[in-house]
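Engineer: Residue numbers for the sequence shown follow our numbering, so the first one is 17 and each next one is one higher.
Cβ coordinates follow ideal geometry from the N, Cα and C atoms, glycine included.
Shown below is the structure under consideration.
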Amino acid sequence: MKLVYITNARIPTEKAHGVQIMKACEAFADAGAEVRLLVSDRTTPIAKDPFDFYGVRRNFTITRIKSFDAFRFESYLGRLSFWLNSISFLIGAAKEHLPSDALVYTRNAEIAWLFSKKGRRVAYEAHAWPESKGRLLGRLLKSVGFIICNSKGTEAEFKKRGFKNTLAVPNGVDMKIFEAREKPAGLRNRLGLPKDKKIAMYTGHLYAWKGADVIMEVADALRADESIFFALVGGTRHDAAKYGEIIKDKKLANVLLLGHKEQSMMPDYLACADVLLLPNIPVSRESERYTSPIKMFEYMASKKPIIASDLPSLREILNEQNAILVTPGNIKSFAEGIKKALAGGSFVESITAQAFADVQNYTWEKRAQRILNFLSA
Numbered sequence: 017m018k019l020v021y022i023t024n025a026r027i028p029t030e031k032a033h034g035v036q037i038m039k040a041c042e043a044f045a046d047a048g049a050e051v052r053l054l055v056s057d058r059t060t061p062i063a064k065d066p067f068d069f070y071g072v073r074r075n076f077t078i079t080r081i082k083s084f085d086a087f088r089f090e091s092y093l094g095r096l097s098f099w100l101n102s103i104s105f106l107i108g109a110a111k112e113h114l115p116s117d118a119l120v121y122t123r124n125a126e127i128a129w130l131f132s133k134k135g136r137r138v139a140y141e142a143h144a145w146p147e148s149k150g151r152l153l154g155r156l157l158k159s160v161g162f163i164i165c166n167s168k169g170t171e172a173e174f175k176k177r178g179f180k181n182t183l184a185v186p187n188g189v190d191m192k193i194f195e196a197r198e199k200p201a202g203l204r205n206r207l208g209l210p211k212d213k214k215i216a217m218y219t220g221h222l223y224a225w226k227g228a229d230v231i232m233e234v235a236d237a238l239r240a241d242e243s244i245f246f247a248l249v250g251g252t253r254h255d256a257a258k259y260g261e262i263i264k265d266k267k268l269a270n271v272l273l274l275g276h277k278e279q280s281m282m283p284d285y286l287a288c289a290d291v292l293l294l295p296n297i298p299v300s301r302e303s304e305r306y307t308s309p310i311k312m313f314e315y316m317a318s319k320k321p322i323i324a325s326d327l328p329s330l331r332e333i334l335n336e337q338n339a340i341l342v343t344p345g346n347i348k349s350f351a352e353g354i355k356k357a358l359a360g361g362s363f364v365e366s367i368t369a370q371a372f373a374d375v376q377n378y379t380w381e382k383r384a385q386r387i388l389n390f391l392s393a
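Structure representation (structure tokens):
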């Protein structure tokens with residue numbers, strides 16, 4: 017199969033969708049597809065080669081589509097910058113010469129609409145059903161042949177609105193990068209993490225709905241226990257500055273912000289943790305129903321106990337046999353979950369082993385094969 021993945025995204029990017037796109041393309045190619053990735057030529061602060069940055073093999077090609085970077089003028093244009101950028105990229109994509117037998121794969125509804133109108137076979141990958149632009153999305157995707165959904169929650173919304181040819185397939189993990197890691201003691205020394213503490217770690221962006229504020233409150237509640245230390249890996253400079261001020265104001269000596277790290281370094285950081293945190297809060301349908309966090313699968317692969325919010329989105333993968341599920345946003349519940357995980361014992365060994373066994377079904381390779389089988393049916 018010839019597959020052209022078109023996405024109006026900066027690659028590389030500090031955001032999780034960059035990991036997801038690059039890993040998906042690598043896995044599609046591994047599964048036998050001839051893959052070409054078309055991305056925006058917008059400037060990115062990350063100068064590194066995308067294949068090196070994401071630790072992805074060069075088994076597919078990347079083409080940058082020339083488009084107007086309206087986001088450079090966002091302070092003047094406001095929301096208009098988004099629409100100008102989308103239209104400019106759409107025009108650039110329309111000019112690309114694609115093989116007549118290629119399937120167009122995209123996460124952008126306007127791209128799906130354009131190429132379906134041109135008579136192409138199109139697959140749209142959905143990560144949510146937008147609350148404010150749902151009617152527009154439905155119209156744009158009316159003629160699209162395949163809808164791939166990142167979760168059962170997302171798929172349910174599409175089916176509710178009449179879409180029939182759908183597939184729910186969550187995100188995944190690259191198990192190979194978790195093999196043969198350096199011992200935690202040496203890693204902690206190299207990465208600047210305390211060697212004499214029990215580390216509760218979070219990786220990813222510091223968005224409110226992902227529970228960054230919950231971690232701050234839990235760290236405050238457990239500050240009397242000097243054996244517990246909180247490490248947060250990820251976040252933009254803006255968010256790091258925001259939470260840096262919170263740490264300073266609350267005098268949280270037990271919290272360290274490590275900032276954004278390359279994807280290839282994630283297994284090293286996770287290996288340093290004693291417990292891993294997934295504190296999403298139900299402030300949006302994205303958090304409650306739609307999300308499929310890449311970090312969740314990485315946590316499972318790291319063989320460390322997971323403390324996660326008991327939400328439908330996370331329960332699609334996690335349960336009482338492979339994680340400690342706690343009340344979303346409840347500080348006491350999270351603190352007790354952390355203590356339970358750090359106490360160790362047969363229960364913690366059991367859930368950790370079960371999580372590792374379960375995640376074998378969620379590799380990028382198996383995800384790609386499921387999607388390609390769906391597209392070929």
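1) Have a look at A25 and L238 and give me their C-alpha separation to the nearest angstrom.
2) Check each candidate in R204, G161, L203, E198 and name the one with the smallest Cα separation from L183.
3) Would you list the residues sitting across from T23 in a DSSP beta bridge?
4) Can you give the beta carbon distance from D57 to I81, rounded, assuming they're within the 8 Å contact cut?
5) Tell me which residues share the same chain as T368 and place their Cβ nearer than 6 Å to its Cβ, disregarding the 5 neighbours each side in the sequence.
6) Whose C-alpha, out of R52, G108, K168, is nearest the C-alpha of L119?
7) With 16 as the cutoff for other CB atoms within 10 Å, does N296 come out buried or exposed?
8) Tell me whether the beta-carbon of T219 lies closer than 8 Å to the beta-carbon of L286.
9) Does the beta-carbon of S9 have 16 or more other beta-carbons within 10 angstroms, so that it is buried, or is it exposed?
10) Answer yes or no: do R107 and E141 have a C-beta to C-beta separation smaller than 8 Å?
11) For the alpha helix (DSSP H) containing T379, name the first residue and the last one.
12) Give the straight-line distance between the Cα atoms of E352 and R73, rounded to the nearest whole angstrom.
13) How close, in whole Å, do the beta carbons of A144 and E302 come, if the pair is a contact with beta carbons under 8 Å?
14) Could you tell me which of L54, A393, T79 sits nearest to T23, measuring between CA atoms?
15) Going by other Cβ atoms of all chains shown within 10 Å of its Cβ, with 16 needed for buried, is L96 buried or exposed?
16) Would you mind giving the Cβ-Cβ distance between D284 and L203, rounded to the nearest angstrom? I have them listed as a contact below 8 Å.
17) Name the DSSP bridge partner or partners of T122?
18) Does the beta-carbon distance from V230 to G345 come in below 8 Å?
19) Within the continuous beta strand (DSSP E) that includes M217, where are the two ends?
20) Count the other C-beta atoms from every protein chain shown that fall within 10 angstroms of the C-beta of T77, then say buried if there are 16 or more, exposed otherwise.
21) Using a Cβ distance threshold of 8 Å, determine whether the segment 234-250 contacts the segment 185-204, with at least three qualifying pairs required.
22) Can you tell me whether R253 is buried or exposed, with buried defined as 16 or more other CB within 10 angstroms of its CB?
23) For the alpha helix (DSSP H) containing F105, name the first residue and the last one.
24) Which residue marks the beginning of the beta strand (DSSP E) containing V234, and which one marks its end?
25) DSSP on L358, reduced to helix/strand/coil?
26) Are the Cβ atoms of L157 and A109 separated by less than 8 Å?
27) Hey, would you say E310 sits closer than 8 Å to Q36, going by beta carbons?
28) With distances taken Cα to Cα, identify the nearest neighbour of S300 among E112, E147, I27.
29) Should L274 and E304 be called a contact, given that it needs their Cβ atoms to be closer than 8 Å?
30) Pull up the distance between the alpha-carbon of A373 and that of F363, whole angstroms please.
31) For a quick check, are the C-beta atoms of L292 and Y315 less than 8 Å apart?
32) With 16 other CB atoms within 10 Å as the buried threshold, where does A49 fall?
33) I347 and V234: beta carbons closer than 8 Å?
34) By how many angstroms is the C-alpha of I387 removed from the C-alpha of V271?
35) Identify the continuous beta strand (DSSP E) that holds G202 and give its terminal residues.
36) Going by the beta-carbon positions, is the gap between G71 and Q279 smaller than 8 Å?
Structural biologist: In terms of the structure at hand:
1) In this structure, the alpha-carbon of A25 lies about 40 Å from that of L238.
2) Among R204, G161, L203, E198, the Cα nearest to that of L183 is on G161.
3) Per DSSP, the beta bridge partners of T23 are V55.
4) Going by Cβ atoms, the distance from D57 to I81 rounds to 6 Å, so yes, they are a contact pair.
5) Excluding positions up to five away in sequence, the list reads K319, P321.
6) The candidate whose alpha carbon is nearest that of L119 is R52.
7) By the neighbour-count rule (16 or more Cβ atoms within 10 Å), N296 is buried.
8) Contact: yes.
9) Outside the shown range of the chain (17 to 393) lies residue 9, about which nothing can therefore be said.
10) The identity of residue 107 in the sequence shown is Ile, whereas the question assumes Arg. Not a contact, by the Cβ cut-off of 8 Å.
11) Element bounds for T379: n/a, residue is neither H nor E.
12) Cα to Cα, E352 sits roughly 42 Å from R73.
13) A144 to E302, Cβ: 5 Å. Contact.
14) Closest in C-alpha terms to T23, from the list L54, A393, T79, comes L54.
15) Exposed, because fewer than 16 other Cβ atoms sit within 10 Å of the Cβ of L96.
16) Right, their Cβ atoms sit about 5 Å apart.
17) Looking at the DSSP assignment, T122 forms a beta bridge with I22, Y140.
18) Contact flag set, yes.
19) From DSSP, the beta strand (DSSP E) with M217 extends over 214-219.
20) It counts as exposed.
21) No: fewer than three Cβ pairs fall under 8 Å.
22) Classification for R253: exposed.
23) For F105, the enclosing alpha helix (DSSP H) begins and ends at 96-110.
24) V234 -> not in any beta strand (DSSP E); alpha helix (DSSP H) instead, spanning 228-237.
25) In this structure, L358 counts as helix in the three-state DSSP scheme.
26) Not a contact, by the Cβ cut-off of 8 Å.
27) It should be noted that the sequence gives Ile, not Glu, for residue 310. Their beta carbons are under 8 Å apart, which means I310 touches Q36 by this criterion.
28) Selected option, being the one with the closest Cα: E147.
29) Their beta carbons are not under 8 Å apart, which means L274 does not touch E304 by this criterion.
30) About 15 Å.
31) By the CB criterion at 8 Å, L292 and Y315 fall inside the cutoff.
32) Buried, by the Cβ-count rule.
33) Taking 8 Å as the Cβ cut-off, I347 and V234 qualify as a contacting pair.
34) The alpha-carbon atoms of V271 and I387 are separated by roughly 41 Å.
35) Where G202 is concerned, there is no enclosing beta strand (DSSP E), although the alpha helix (DSSP H) it sits in stretches over 200-207.
36) Annotated as proximal: G71 and Q279, with beta-carbon spacing under 8 Å.
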